[in-house]
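Number of protein chains: 2
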Amino acid sequence: MEIRRNPFTGERVLVSPHRLSRPWQPEGFCPFCPGGPETGQGWELLLLPNRYPVVTRNPPTPTQEELFQAEEAYGQAYVLVETPQHDLDDLSDLPPSQIEKVLRLVMKAQKEAEEDPKALYFLFFRNKGKEIGVSLTHPHSQIYILPVVPPRVETELRASEEWYRQRGTCLHCLITTREEKRIVYQNASWKSFVPYYARWPHEVHIYPKRHVSHFTALREDEVRDLADMLRKTLCAFKTALGKPMPYIMVLHQAPLRVETPHYHLHFEIYGMYRPDGKLKYAAGAELGASLYTLDTTPEETAERLRKALANCVTNPRPFRAGMGKV
Amino acid sequence: MEIRRNPFTGERVLVSPHRLSRPWQPEGFCPFCPGGPETGQGWELLLLPNRYPVVTRNPPTPTQEELFQAEEAYGQAYVLVETPQHDLDDLSDLPPSQIEKVLRLVMKAQKEAEEDPKALYFLFFRNKGKEIGVSLTHPHSQIYILPVVPPRVETELRASEEWYRQRGTCLHCLITTREEKRIVYQNASWKSFVPYYARWPHEVHIYPKRHVSHFTALREDEVRDLADMLRKTLCAFKTALGKPMPYIMVLHQAPLRVETPHYHLHFEIYGMYRPDGKLKYAAGAELGASLYTLDTTPEETAERLRKALANCVTNPRPFRAGMGKV
């Protein structure tokens with residue numbers, strides 16, 4: 002168990018051979034439901050240590066090989082069970098107050114991670130949909146506390162810093178402020194849009210309007226507004242194509258304890274259906290060349306999601322609208 | 002239709018909204034079989050212009066937006082139909098002489114691309130398996146001739162050049178020469194191995210032993226040996242787990258007309274089954290953070306593929322070995 006580095010791309014590989022022995026749960030059993038051996042009773046949401054983690058508090062010494070670099074797989078991996086209710090489809094089916102509780106629990110976990118000098122990064126993400134390989138459907142998200150900065154974030158940090166050094170402005174702030182035609186939604190403190198450079202057929206980025214480096218620096222009202230933003234945006238993902246869209250959601254923020262005038266936290270959501278409802282697969286061009294093929298335009302996508310979101314807001318039972326068609 | 006650039010990651014997005022209108026072929030019809038409107042009769046292999054290309058000889062003027070960068074989607078996209086036989090499973094089912102013909106046709110297409118000053122890169126790749134979204138099963142590979150260097154290759158070029166500048170050696174040559182324990186196969190002019198830094202559960206890189214920048218610079222004997230290498234390696238992918246493994250194969254080489262003492266052409270093959278035969282999905286960690294999770298080790302993988310390949314070589318009908326179990 003160790004973290005290897007690709008010397009050509011800087012990508013990191015979490016090598017965890019023990020994970021292959023993780024059991025496939027018997028049909029009908031859910032390890033996240035109340036009353037299970039890890040969950041117990043009487044909770045509204047839970048932060049569970051991942052039983053088959055990719056990082057651990059007591060990692061073995063990494064192997065050593067000439068030409069290559071590996072690091073200790075130090076850290077923690079958590080599952081955040083977002084509700085005791087097993088049969089909810091998605092985060093957007095929860096009331097705003099419960100989504101707020103989820104966000105506050107993430108914040109609490111990050112505050113703890115900030116105290117650990119060996120932890121360099123706090124990665125919060127959510128995979129949704131059997132179509133993209135999610136085997137446990139009980140609503141949950143995940144947290145990795147890592148001894149390395151994720152390479153994708155590192156790349157963004159580098160480009161953002163370079164822009165800042167040359168021009169004295171935050172490129173994230175500029176893009177967020179100027180974005181108009183690809184807006185999906187905004188409230189008092191957040192703005193979401195399909196980025197000009199979207200890689201996936203339904204991609205939305207969500208930025209706080211104020212420049213913030215870390216999730217733990219969000220104000221009370223910003224957390225409340227974020228719950229509203231996530232609920233409505235994810236409702237749009239669920240209803241835009243008449244069947245819930247599989248998606249990946251990831252929080253990009255600055256490394257722990259590092260203030261970044263050039264880097265602005267944001268959520269990225271990748272909806273993996275094409276406009277015709279077929280799953281988008283990453284293949285040779287995407288995985289082998291980092292060339293993304295988009296059978297639509299970000300402008301069209303923004304319009305589709307904006308309409309779906311507006312319908313979520315006006316519909317009397319908006320957040321269940323897509324469920325009947327599954 | 003244009004090529005957009007992500008200002009934070011350098012990734013390129015081929016925006017091709019017209020592609021969504023491409024038809025889903027009626028059940029039982031194959032556009033690559035002999036006698037079709039695009040194929041005709043009497044051929045051993047064919048290079049067909051992609052009917053729904055991501056790049057074209059006469060691209061529209063790209064849109065212009067402040068803060069962002071887009072380029073003309075100039076270029077050509079081809080499908081290489083590798084055999085008239087529809088029901089072959091994979092390239093490894095063809096005789097070595099036919100695989101050699103495939104490689105010589107790729108070479109011919111690249112030689113033509115070298116004459117076009119607007120073409121900067123020649124990307125040859127192969128997606129195999131319905132499990133990863135390949136809808137047309139008739140054996141074929143693809144070629145993109147591009148006005149940009151694929152960002153993944155660009156990143157590798159940069160790191161390789163930096164290594165060369167500091168140490169005066171080619172890191173690819175060093176890794177290829179020194180690799181021992183993760184070797185899968187070698188013949189007179191090629192060596193294949195699972196890289197120390199493999200991202201995918203069955204990943205193999207294939208390098209010519211001689212430092213070569215471009216596919217078109219390979220000698221006759223190297224092309225012949227490559228056919229042998231690909232046939233045996235892909236047979237190992239087909240048989241290692243008792244059912245054919247979906248994979249992505251991509252050729253990484255230098256940009257057209259640029260000699261690179263620091264960059265050494267190679268094939269990368271990503272086999273997408275985990276050791277237990279379940280499909281590996283890329284999700285939040287992979288697509289959102291460039292952190293890859295490997296439920297095995299590259300060393301174990303090399304051993305498994307080495308054994309499967311040895312069996313391909315000794316088995317009297319080796320290249321069909323996996324077929325019965327599909």
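Protein sequence lines, in the order shown, are assigned to chains A and B.
Read in the numbering used here, the first sequence has 63 at position 62, and its numbers run on one by one without any break.
Read in the numbering used here, the second sequence has 55 at position 54, and its numbers run on one by one without any break.
All C-beta atoms in this analysis are idealised placements derived from N, C-alpha and C, irrespective of residue type, glycine included.
Predicted model, so just to flag it, every value in this text is computed and none were measured.
By the three-class DSSP mapping on this structure, what secondary structure does ALA241 (chain B) have? ALA241 (chain B) falls in the coil class under three-state DSSP.
Quick check on ASN7 (chain A) - is its C-beta less than 8 angstroms from some C-beta in chain B? Yes, contact with chain B.
Contacts around HIS206 (chain B), its chain only, beta-carbon distance under 6 angstroms, and the 5 residues preceding and following it disregarded: Beyond the five residues adjoining it in sequence on each side, HIS206 (chain B) comes within less than 6 angstroms, by CB distance, of PRO196, HIS267, GLU269 in the same chain, given in chain order.
Does chain A have any CB closer than 8 angstroms to the CB of GLY289 (chain B)? Chain A contact via Cβ: present.
Which of the three DSSP states, helix, strand or coil, is assigned to VAL56 (chain A)? Coil, per DSSP.
Taking the alpha-carbon of ALA217 (chain A) as reference, which of A:ALA237, A:LEU257, A:ALA309 has the nearest alpha-carbon? The sequence shown places Thr at residue 217 (chain A), not Ala. THR217 (chain A) has its Cα closest to that of A:LEU257, out of A:ALA237, A:LEU257, A:ALA309.
What did DSSP end up calling TRP44 (chain A) once you bin it into helix, strand or coil? Shown here, TRP44 (chain A) sits in coil according to DSSP, grouped into three states, outside any helix or strand.
Is it the case that the Cβ atoms of HIS263 (chain B) and CYS171 (chain B) are separated by a distance below 8 angstroms? Yes, these two residues count as a Cβ contact at 8 angstroms.
Exposure of ALA189 (chain B), with buried meaning 16 or more beta-carbon neighbours within 10 Å: With a 10 Å radius around the Cβ and a threshold of 16 neighbouring Cβ atoms, ALA189 (chain B) comes out exposed.
Within the 8 angstroms Cβ cut-off, does TYR271 (chain B) reach chain A? With respect to chain A, the C-beta atom of TYR271 (chain B) has a partner C-beta closer than 8 angstroms.
At a Cβ threshold of 8 angstroms, is ILE144 (chain B) touching chain A? False, the Cβ-Cβ gap to chain A never drops below 8 angstroms.
Separation of ALA303 (chain A) from ILE184 (chain A), as counted between CA atoms: Counting only the Cα atoms, ALA303 (chain A) lies some 6 angstroms from ILE184 (chain A).
Counting contacts by CB-CB distance shorter than 8 angstroms, is ILE249 (chain B) in contact with chain E? Checking the listed chains, one finds no chain E in this structure; the protein chains it contains are A and B.
Per DSSP, the bridge partner or partners of PRO85 (chain B): DSSP, once it has assigned bridges, lists no residue as partnering PRO85 (chain B).
Taking ARG179 (chain B) as the query, report the chain A residues whose CB atoms sit under 8 angstroms from its CB, ordered along the chain. The contacting residues are GLU67, LEU68.
Given a threshold of 16 other Cβ atoms within 10 Å of its Cβ, counted over all protein chains shown, does GLN111 (chain B) qualify as buried or as exposed? It is buried - the Cβ of GLN111 (chain B) has at least 16 other Cβ atoms within 10 Å.
Can you give me the start and stop residues for the alpha helix (DSSP H) that HIS212 (chain B) sits inside? Per DSSP, HIS212 (chain B) lies in no alpha helix (DSSP H) segment and is marked neither H nor E.
Can you find the residues in the same chain that come closer than 6 angstroms, C-beta to C-beta, to LYS326 (chain B), ignoring five residues on each side of it along the sequence? Annotation note: pLDDT 33 at LYS326 (chain B) (below 50); position unreliable, coordinate value reported separately. GLY243, LYS244.
Do the segment 127-139 of chain A and the segment 72-92 of chain A make contact, defined as three or more Cβ pairs closer than 8 angstroms? Between the segment 127-139 of chain A and the segment 72-92 of chain A there are three or more C-beta pairs closer than 8 angstroms, enough to call the two in contact.
Could you tell me whether the segment 62-72 of chain B touches the segment 111-128 of chain B, using the rule of 3 or more Cβ pairs below 8 angstroms? Under the 8 angstroms Cβ criterion, the segment 62-72 of chain B does not count as touching the segment 111-128 of chain B, having fewer than three qualifying pairs.
Between the beta-carbon of LEU21 (chain B) and the beta-carbon of THR297 (chain A), is there less than 8 angstroms? Their beta carbons are under 8 angstroms apart, which means LEU21 (chain B) touches THR297 (chain A) by this criterion.
Per the contact definition of three or more C-beta pairs closer than 8 angstroms, is the segment 95-103 of chain A in contact with the segment 221-238 of chain A? Judged by Cβ distances under 8 angstroms, the segment 221-238 of chain A makes contact with the segment 95-103 of chain A, as three or more pairs qualify.
In its own chain, which residues sit with a C-beta less than 6 angstroms from the C-beta of GLU287 (chain B), not counting the 5 before and 5 after it? TYR293, listed in sequence order.
Cβ of LEU106 (chain B) within 8 angstroms of Cβ of LEU46 (chain B)? For LEU106 (chain B) and LEU46 (chain B), yes; Cβs fall inside 8 angstroms.
Residue from A:GLN86, A:ILE249, A:GLY169 with nearest C-alpha to PRO32 (chain A): Restricting attention to A:GLN86, A:ILE249, A:GLY169, the CA atom closest to the CA of PRO32 (chain A) is found in A:GLN86.
How about ARG200 (chain B): is its C-beta nearer than 8 angstroms to some C-beta of chain A? Taking Cβ atoms only, chain A reaches closer than 8 angstroms to ARG200 (chain B), which makes this a yes.
PRO209 (chain A) beta carbon less than 8 angstroms from that of GLU221 (chain A): No, the Cβ-Cβ distance between GLU221 (chain A) and PRO209 (chain A) is not below 8 angstroms.
Reduced DSSP secondary structure (H/G/I, E/B, other) of GLY285 (chain A): Correct three-state label for GLY285 (chain A): helix.
Of all the beta strand (DSSP E) runs that stay within the bounds of the segment 63-136 of chain A, which reach a length of 3 or more residues? If you keep only unbroken beta strand (DSSP E) runs of at least 3 residues inside the segment 63-136 of chain A, you get 77-82, 122-129.
Does DSSP classify TYR186 (chain B) as helix, strand or coil? Looking at TYR186 (chain B) - three-state DSSP - the assignment turns out to be strand.
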